[in-house]
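*Asks:*
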Amino acid sequence: MSLIPSALPMLRRALGGRLLRLVPVVVGLGLAGAALEGLGIGLIIPLLGIIMGHGETSGMAGFSALLQQAGADLGERERLIAISAAILGSIVLKNVFAFANTLLTSFIYGKAGYSIRSALSEQLLRVGYPFFLQQSPGRLLNIISNESWRASDAIQALLGAIVSASAAVILLAFLLLLSWQMTLLVTLGLALVQLAHGVLSSNLKAPSRSVVSRNSALASQMLHLVHAGRLIRIFGQENHEKAVFAKASDGVRRAAFVLSIRQGVLPPLTEVLHAMLFLAVVIGAWLANVSFPLTVAFLILLYRLQPHMRALQMSWSQLQGMSGSLEEVQWLLDPSDKPEAPQGSLPFDGLRQGISFDDVSFAYSGPLSGPDTREAVLHQAVFDIRSGRSTALIGRSGAGKTTIVNLLCRFVKPDSGRILVDGAPLGEIDPSQWLRNIALASQELELVDGTIFENIVYGHDAASASDAMRAARLAEAHEFIEHLPRGYATLVGYRGINLSAGQRQRIALARALVRDPDILILDEATSAVDGLSEAAIVETLKSRAGRRTTIVISHHHSTISFCDDVVILSRGRVKKQAAFATLAKLSMDELYQHGAGE
Ligand SMILES: Nc1ncnc2c1ncn2[C@@H]1O[C@H](COP(=O)(O)OP(=O)(O)OP(=O)(O)O)[C@@H](O)[C@H]1O
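Residue numbering for the sequence shown follows UniProt numbering, beginning at 1 and increasing consecutively.
(1) If you run the structure through DSSP and keep just helix, strand and coil, what is P24?
(2) Taking only three categories from DSSP, how would you classify I268?
(3) State the DSSP-derived secondary structure class of P342, mapped to helix, strand or coil.
(4) What's the gap between the Cα of Q380 and the Cα of R573?
(5) In chain order, what are the residue ranges of uninterrupted alpha helix (DSSP H) at least 4 long that sit wholly in the segment 255 to 315?
(6) Excluding sequence positions up to five away, which residues of its chain have a Cβ less than 8 Å from the Cβ of L301?
(7) Output the distance between the C-alpha atoms of Y563 and L393, rounded to the nearest integer angstrom.
(8) How close, in whole Å, do the beta carbons of Q306 and H274 come, if the pair is a contact with beta carbons under 8 Å?
(9) Apart from the five residues just before and just after E147, which ones in its own chain have a Cβ nearer than 6 Å to its Cβ?
(10) Okay, do the segment 283 to 295 and the segment 345 to 358 touch, 3+ Cβ pairs below 8 Å being the bar?
(11) Looking at the unbroken beta strand (DSSP E) that takes in Q380, where does it start and where does it end?
(12) Checking 8 Å against the spacing of the C-beta atoms, do A439 and A475 come in under that value?
(13) V25: which of A536, S90, R79 and V163 sits nearest, CA to CA?
(14) When every heavy atom of ligand 1 is checked, does at least one fall within less than 7 Å of the C-beta of S397?
(15) Excluding sequence positions up to five away, which residues of its chain have a Cβ less than 8 Å from the Cβ of R495?
(16) Rounded to whole angstroms, what's the CA-CA distance from V186 to W180? Just pull it up for me.
(17) For a test of the three-state rule: what should DSSP assign to S500, helix, strand or coil?
(18) With hydrogens ignored, establish whether the beta-carbon of G128 is closer than 7 Å to any heavy atom of ligand 1.
(19) May I have the straight-line CA-CA distance separating residue 635 from G400, to the nearest angstrom?
(20) If I measure Cβ to Cβ from V282 and keep anything under 8 Å in the same chain, skipping five residues before and after, which residues do I get?
(21) Around the C-beta of P293, are 16 or more other C-beta atoms found within 10 angstroms, so that it is buried, or is it exposed?
(22) Rounded to the nearest angstrom, how far is the Cβ of G30 from that of S166, given a contact under 8 Å?
(23) Can you tell me whether DSSP reads F362 as helix, strand or coil?
(24) Classify S213 as helix, strand or coil using the three-state DSSP reduction.
(25) Going by the beta-carbon positions, is the gap between I481 and I521 smaller than 8 Å?
(26) Which runs of the beta strand (DSSP E) fall wholly inside the segment 462 to 541 and span at least 3 residues, in chain order?
(27) I want to check one thing, is the minimum distance from the CB of K401 to the heavy atoms of ligand 1 below 7 Å?
(28) Can you give me the C-alpha to C-alpha distance between G493 and Q221, rounded to a whole angstrom?
(29) From what residue to what residue does the alpha helix (DSSP H) around D564 run?
(30) Among S397, H227 and T391, which has the Cα closest to the Cα of K542?
(31) How many Å lie between V457 and A471 at the Cα?
(32) So, with DSSP's three-state summary, where would you put P425?
(33) What residues in its chain sit with their C-beta under 7 Å from that of R571, if we drop five residues either side in the sequence?
(34) Quick check: does the Cβ of Y592 come within less than 7 Å of any heavy atom belonging to ligand 1?
(35) Who does I394 pair with in a DSSP beta bridge?
(36) On the criterion of 16 or more Cβ atoms from any shown chain inside 10 Å, does F580 qualify as buried, or is it exposed?
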């Protein structure tokens, strides 16, 4: 029974206020359809009475006797025509209602799917960045691409269950009006069928969860095949990958097979149980000497009730079979266990004095660190980034430089210590105002699938074509772009696949420069750029001196040569902060040694 409580909040969330108001309409149409059906079947009693040439009401309770009297003041022929017309009219109207219900539920189903997918994408955009460090991309992809559809199917099944339940209640009420004794027998029988069905369908939750987890594993494998196409080929791993993929895919097949077998056993079983119940009623009516027209009407009503009961049971088992998907979608939508996006309300319109790291420590929690161990990658870091100056952050691989960038961009928060911006805690500054004044070009080549122009102006809607061109010139990208057949309209492809690494970096740099940011962060942003272009880029960066703040991370001396200050890191500790001019003669290795030796 825990399924309905978990499906209902999903229904509420997916349908929202206006659509939720349509649910009573669906129920109302279901009830009205069932009432018309019951009435139509009930009118068979007087119809049979006329055909069989007697209108006696012996053995009939109030309602059946009332029906038997329908149109009693008319002549026999007119009465036959009137009752037949009423039966036909009720069938036609019932089917009009049924069609309207199909339209309405299809509409609700479509809207529910749309709302669930929108809610999922909004949630992915809302959660704090650490969430992506902790979660498997395959799991997230599977939820959006597969489980969201099943969640909307579950909502449709729930609506179906509501409609079937309302129809069943109405038809049971008609049965009760015809004969309470036989209805008692039917209700007992139905309760037993429902019990058997409930026990069997509770077995569906475990295989449903297994399908979900195997689908996640398969999605991870698919992502791997798409992203690692080059790696797989260069190391000749095609056969190995084929086997790994086949195993993941077969895992899904097996889990889905177990689920469908357990689900498949339910319809035949319930059909047999319903047939037994039907026969029990026939025998019971014969034994109790119930009149023929009443028995026929009762059996037809019972016969019409059974598909609704079966549909109700099927909707129920479908819901059980989709419980894993519902849980998965609900998990992603639940904000309570997700890292929050940065908050803060202090205004920020530019750096005045500088940024200070005051005893800042930080540890990642995620797959790399393991669930229990959170080893600090930054230990009580103390250093300053002064406004209007260029600061180089250097250190060997893994020293913690990108972690400092992540903290500055507020992707992650310090575990202890403070980052002060002109004396104010960074965590209290309005994140959108802060980010509006920052631009980052990093070693991760984050290009969007669009044109070069779209990539340069990404996130800076106010930029014109000439702004984009000016930024491309500063980033030494204009010349190569002009030589492309479609220039700035060239499509860069998924993650910039149509361009060389150096070209991608220069476009990413142009994107950072186009907004002339107050604080520019370059994290290995020119590592793939040729020497000549890099020298020109360094000239561009020099021109920001005194006016703007620049933070540069690089393993190349030439890239940091223009910097005013240098911060040397070693294994997560700040070893030295100095004016770069005092250490400019040292090679990178000597600088690293210098830091390590302090
Ligand atoms: N998402 C993560 N989860 C767990 N540990 C991480 C994560 N990202 C980085 N680390 C760890 O944090 C440490 C510092 O990494 P960081 O990327 O800051 O180094 P870096 O100085 O920028 O190195 P490089 O010069 O190689 O880019 C490393 O030991 C790394 O393994």
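Ideal Cβ placement from N, Cα and C applies to all residues, glycine included.
*Replies:* A quick look at the data gives this:
(1) For the purposes of this step, residue 24 is taken as the residue at position 24 of the sequence shown. P24 falls in the helix class under three-state DSSP.
(2) For this step, residue 268 is matched to residue 268 along the sequence shown. The amino acid at residue 268 is misidentified as Ile; the sequence shows Pro. Residue state, collapsed to three classes: helix.
(3) As a working note, residue 342 is residue 342 in the sequence shown. Three-state DSSP puts P342 in coil, outside helix and strand.
(4) Position 380 of the sequence shown, counted from the first residue, corresponds to residue 380. Position 573 of the sequence shown, counted from the first residue, corresponds to residue 573. C-alpha separation (whole angstroms): 7 Å.
(5) Listed in chain order, the complete alpha helix (DSSP H) runs (minimum 4 residues) inside the segment 255 to 315 are 266 to 287.
(6) What you label residue 301 is simply residue 301 of the sequence shown in a count that begins at 1. Same-chain partners within the cutoff: G38, I41, G42, L171, F174, L175 and L178.
(7) Taking the first residue of the sequence shown as position 1, residue 563 is located at position 563. Taking the first residue of the sequence shown as position 1, residue 393 is located at position 393. A quick correction: the sequence has Cys, not Tyr, at residue 563. Cα to Cα, the separation comes out at about 10 Å.
(8) Numbered from its first residue, the sequence shown carries residue 306 at position 306. Numbered from its first residue, the sequence shown carries residue 274 at position 274. The Cβ separation is near 5 Å, so the contact holds.
(9) Taking the first residue of the sequence shown as position 1, residue 147 is located at position 147. For E147, where only same-chain residues beyond five positions count, the Cβ hits under 6 Å are S325, E328 and V329.
(10) no
(11) For this step, residue 380 is matched to residue 380 along the sequence shown. Run containing Q380: A376 to R386, per the beta strand (DSSP E) assignment.
(12) Here residue 439 refers to the residue found at position 439 of the sequence shown. Here residue 475 refers to the residue found at position 475 of the sequence shown. The answer is no: Cβ separation not under 8 Å.
(13) Residue mapping note: residue 25 aligns to position 25 of the sequence shown, counting from 1. Out of A536, S90, R79 and V163, V163 has the C-alpha closest to the C-alpha of V25.
(14) Working through the sequence shown from its first residue, we reach residue 397 at position 397. Flag set: Cβ of S397 near ligand 1.
(15) In the sequence shown, counting from the first residue as 1, residue 495 sits at position 495. Here the set comprises L445, E446, L447 and D449.
(16) Working through the sequence shown from its first residue, we reach residue 186 at position 186. Working through the sequence shown from its first residue, we reach residue 180 at position 180. Straight-line Cα distance between these residues: approximately 10 Å.
(17) Taking the sequence shown and counting its residues from 1, the one referred to as residue 500 is at position 500. Coil, per DSSP.
(18) Taking the sequence shown and counting its residues from 1, the one referred to as residue 128 is at position 128. Incorrect: G128 has no Cβ contact closer than 7 Å to ligand 1.
(19) Because the chain is modelled from 1 through 598, residue 635 falls outside the range shown and cannot be assessed.
(20) Along the sequence shown, one-based indexing puts residue 282 at 282. Cβ within range, chain order: T295 and L299.
(21) The residue you call residue 293 lines up with position 293 of the sequence shown. Buried: at least 16 other Cβ atoms inside 10 Å.
(22) Position 30 of the sequence shown, counted from the first residue, corresponds to residue 30. Position 166 of the sequence shown, counted from the first residue, corresponds to residue 166. Rounded, the Cβ-Cβ distance is 4 Å, consistent with contact.
(23) Here residue 362 is taken as the residue at index 362 of the sequence shown, counted from 1. If DSSP states are grouped into helix, strand and coil, F362 belongs with the strands.
(24) On the sequence shown, position 213 is the one that residue 213 refers to. Three-state result, S213: helix.
(25) Translated into the one-based positions of the sequence shown, residue 481 becomes position 481. Translated into the one-based positions of the sequence shown, residue 521 becomes position 521. Going by C-beta atoms, I481 is not nearer than 8 Å to I521.
(26) 519 to 523
(27) The residue you call residue 401 lines up with position 401 of the sequence shown. Checking every heavy atom of ligand 1 against the Cβ of K401, one is found closer than 7 Å.
(28) Within the sequence shown, the letter at position 493 stands for residue 493. Within the sequence shown, the letter at position 221 stands for residue 221. Looking at the backbone, the Cα of G493 and that of Q221 are separated by about 22 Å.
(29) Along the sequence shown, one-based indexing puts residue 564 at 564. From DSSP, D564 is part of no alpha helix (DSSP H); its letter is neither H nor E.
(30) In the sequence shown, residue 542 corresponds to position 542, counting from 1. Here the closest residue by C-alpha is T391.
(31) Start at 1 with the first residue of the sequence shown, and residue 457 comes out as number 457. Start at 1 with the first residue of the sequence shown, and residue 471 comes out as number 471. Cα to Cα, V457 sits roughly 10 Å from A471.
(32) Position 425 of the sequence shown, counted from the start, is the residue given in the question as residue 425. P425 falls in the strand class under three-state DSSP.
(33) Numbered from 1 along the sequence shown, position 571 holds the residue referred to as residue 571. Closer than 7 Å at Cβ, skipping near neighbours: A399.
(34) Within the sequence shown, the letter at position 592 stands for residue 592. Ligand 1 has no heavy atom closer than 7 Å to the beta-carbon of Y592.
(35) Numbered from its first residue, the sequence shown carries residue 394 at position 394. In DSSP, I394 forms a bridge with I568.
(36) Taking the sequence shown and counting its residues from 1, the one referred to as residue 580 is at position 580. Its Cβ being crowded by 16 or more others within 10 Å, F580 is buried.
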